[in-house]
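**Q** Quick note on my numbering: the sequence shown kicks off at 226 and runs consecutively.
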Amino acid sequence: MPLYCENCMKLVDGPICPACRNRRLREVEPGDFCLAAEVPYMQAEMLKDVFKDNGIPFTERSVLGAAIAVELGVNFGRVKLFVPFNRLAEAKELYEAFFSGSAVLIPDDAENPIPDRELLIGHVYRHFKGGLYRVEDVAKHSETLEEYVVYRKLYGDHSLWIRPKGMFLSPVDSEKYPEAMQNYRFEPVENADEKSPEASE
Ligand SMILES: [Zn+2]
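1. Would you list the residues whose beta-carbon is nearer than 5 Å to any heavy atom of ligand 1, in the order they occur in the chain?
2. Give the single residue among 384, 388, 353 whose Cα lies nearest to the Cα of residue 364.
3. Tell me the rounded alpha-carbon separation between residue 272 and residue 304.
4. Ligand 2 and residue 255: does any heavy atom of the ligand fall closer than 8 Å to the residue's C-beta?
5. Note down the Cα distance separating residue 390 from residue 372, rounded to an integer number of angstroms.
6. Along the beta strand (DSSP E) that carries residue 308, what are the first and last residues, could you check?
7. With residue 353 as the anchor, note down where its beta strand (DSSP E) starts and where it stops.
8. Is it buried or exposed, residue 402, if we count other Cβ atoms within 10 angstroms and call 16 or more buried?
Next comes the structure, spelled out in structure tokens:
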């Protein structure tokens with residue numbers, strides 16, 4: 226049986242959840258709600274109807290963008306839909322049938338699952354090795370539709386870099402870097418004056 230992370234409500238290869246670093250994983254049970262899809266708000270509404278029509282119970286969680294949505298008067302947020310483990314395969318089949326041809330990735334299939342952290346565009350982040358970077362924007366890979374963070378080095382040559390969003394927001398590998406002073410690979414800096422010590426990647 227696959228392992229289950231109660232924090233993230235998703236199946237994990239184990240022994241540690243890659244998104245939240247939870248080590249207390251357990252075997253999944255038939256009624257455990259598992260992540261079936263992460264989709265934009267409009268598609269979530271349609272997908273919920275499909276689940277309802279097929280008698281699949283679900284719960285939902287807004288990923289981010291609630292504040293943005295209110296500001297713009299439109300819902301740009303993304304929604305995570307969870308279904309019981311014993312209905313997961315069926316839910317994914319329905320999802321694939323319903324959205325076939327449309328460009329949405331199921332996060333379980335994505336190479337770098339995106340942790341539940343908000344990305345602050347325009348904000349300065351500190352890399353766990355000390356260098357400061359400003360997040361310029363998010364770009365989409367034309368072939369895989371994976372999201373990439375575009376960020377600028379605030380020291381040295383001030384060059385522009387990209388990295389998969391899931392990886393940018395991921396925790397530091399505490400086994401590889403036990404001396405790391407922060408939990409995440411990149412953490413937002415309060416009141417940054419955008420001066421960075423020379424640091425190596
Ligand atoms: Zn987790």
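Think of the CB as a built atom: it goes at the ideal place given N, C-alpha and C, for glycine as much as any other residue.
**A** Reading from the atomic positions:
1. In chain order, the qualifying residues are 230, 232, 233, 242, 244, 245, 247.
2. For residue 364, the nearest C-alpha among the options comes from 388.
3. If I take the Cα positions, the gap works out to 11 Å.
4. Absence of ligand 2 from the depicted structure is noted, with ligand 1 being the only ligands included.
5. Rounded to whole angstroms, residue 390 to residue 372 spans 6 Å at the Cα level.
6. Residues 303-309.
7. No residue range can be given for residue 353, since it is assigned to no beta strand (DSSP E) and is classified by DSSP as neither H nor E.
8. That one is exposed.
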